[in-house]
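So the structure is just underneath, and the comments pick up after that.
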């Protein structure tokens, strides 16, 4: 039984057929030597096996090749001289048993390939003219088997190529998250006390991949969580307490408050350039869905219980609802992310301030650094245009505070749009495997459009997170920072009623009941809410239960 060196494919009981070529020995024109062997080779002109396949099969071709046959002996001699077949693990050829004509043809084909390699390497003088004549005779006698072998290998190659092309089929996986949150609050500018409320939010995500490397996400969302809504909703906790700084973490858009399902995310990302660059296209999305956020408490289902505590305001500014972006991994220590988004991309009417460039827009660039294995940092720049702002006011559009507008008279916001240039820096330090520190700071330079009024806003936070606290998978965090606050004004703008710095203090503990269920009790306080020292401290308590599947 022959076995072609370095190959193993079972075909009609053979273990040596894969990847064998049936091409004839290379022509004299393809070599560079002028030895006697090459002259002999040229004179012999071995006939291609594919042409010989037209011969009529003789009865003798139906019998096995025995060790006593001249063909067997001739091939065995070639094997011993050129090492073109290894029949056993010790790489020896033991030609003492009969083989089928197809097995023999596979061995012959291996020797043809081996001698072709020798001639192509300019070593034709190593092949005698007698061996070339023997090969021609063997090739003629086994032409039909060689042609059949070629056909079977071609068919196998085609099947293999088809399997490789179809090795991944389109796959869609359903994931989901359900949140129950009991919430109560008091204080704030209105010094009110809320009822204890029970809110919910449900997200169902269809994750579809067409190649195994790309991802299409379609997310449906429903909620009735008024504790997460802004002051724009008169029934919200923020409206009751008079400040958006009282908003809790899992905050839906206003269109999801009535517990009816709506599409809240539709995005697609795929890699190019050997996975060095990822492109992102999203008709419905927000920057934090794609841009890297260096915060261990960014998840609104598992992380911070407040809206402010999750990540820096540049990920929210201008209220983006579409995004086109890319992620370029320059090296293991450096990455560049950039994108552009608009809030009303589907509107074709110029008067509606819509389209990709006509409404509220954001252009965002983020540089990420990894100077050490346990240290990550980023610098982010955003240029934004907020059309009209909230209720026609010149606003930033983050929904993080009720004082994020430009005012000229100390009370009322400037009517019109806002253009802002913003910078943020983030740092995440894993002090130990179970203790991490993170911080961010942001400054926003906002200008009222068509009005000579400019205001600077600042915000920052610092936090410690303790992983596996008291039990595996659980975590506790403490956050302290400053919500968005007007810190300076120029032109016609004033600081309004701001006369003090607001501060945010937050404590929460996420207890992991199982792989899919966690309970997070927490509380946060906002001192000097909206930057007014006479405003009572806003206190909000939350017990959040999260189901993930």
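Numbering (this note's numbering), first residue to last: 786 to 1334. All C-beta atoms, glycine included, are put in the ideal place defined by N, C-alpha and C.
| Item | Value |
| --- | --- |
| If you reduce the DSSP assignment to three classes, tell me which class residue 1257 lands in. | coil |
| Let me know if residue 1225 comes out buried or exposed under the rule of 16 or more other beta-carbons within 10 Å of its beta-carbon. | buried |
| Where do the N-terminal and C-terminal ends of the alpha helix (DSSP H) with residue 997 fall, by residue? | Run containing residue 997: none; DSSP gives neither H nor E here. |
| To which residues does DSSP link residue 1266 through a beta bridge? | 1246, 1289 |
| Please state the DSSP three-state secondary structure of residue 1082. | coil |
| Please determine, among 1003, 1023, 1084, the residue with the shortest C-alpha to C-alpha distance to residue 1052. | 1003 |
| Just verifying my parser: in three-state terms, what is the DSSP assignment at residue 1120? | strand |
| Going by CA-CA distance only, name the one from 1166, 975, 1141 that's closest to residue 1153. | 1166 |
| Mind reading off the beta-carbon distance from residue 1320 to residue 973? Whole number of angstroms is fine, and I expect it under 8 Å. | 7 Å |
| Going along the chain, which residues of its own chain have a beta-carbon closer than 6 Å to the beta-carbon of residue 1049, five neighbours each way excluded? | 1004, 1006 |
| Spell out a yes or no on whether the stretch 1212 to 1222 and the stretch 1067 to 1086 are touching, meaning 3 or more CB-CB pairs, one atom from each, closer than 8 Å. | yes |
| Nearest CA to the CA of residue 1237: which residue from 1199, 1184, 854, 1028? | 1199 |
| Return the chain-ordered list of same chain residues with a C-beta closer than 8 Å to the C-beta of residue 1284, the five sequence neighbours on each side being excluded. | 1316, 1317, 1318 |
| What span of residues does the beta strand (DSSP E) with residue 962 cover, start to end? | 956 to 972 |
| Since residue 1140 is in the alpha helix (DSSP H), which residue starts that stretch and which ends it? | 1140 to 1143 |
| Report the rounded CA-to-CA distance for residue 1001 versus residue 927, giving the unit in angstroms. | 55 Å |
| Considering only the alpha carbon of each residue, which of 1326, 860, 1303, 1046 lies closest to residue 886? | 860 |
| Is the Cβ-Cβ distance between residue 1011 and residue 970 less than 7 Å? | no |
| For residue 1029 versus residue 1187, is the C-beta distance shorter than 7 Å? | yes |
| Candidates 923, 867, 929, 884: which alpha carbon is nearest residue 909's? | 867 |
| Counting along the chain, where does the alpha helix (DSSP H) carrying residue 894 start and finish? | 886 to 905 |
| Is DSSP giving residue 1150 helix, strand or coil here? | strand |
| Residue 920 to residue 1058, Cα distance in whole Å? | 48 Å |
| Can you find at least 3 beta carbon pairs, one from the stretch 1228 to 1235 and one from the stretch 1253 to 1265, that sit closer than 8 Å? | no |
| Expressed to the nearest angstrom, what Euclidean distance is found between the alpha-carbon atoms of residue 1149 and residue 1168? | 7 Å |
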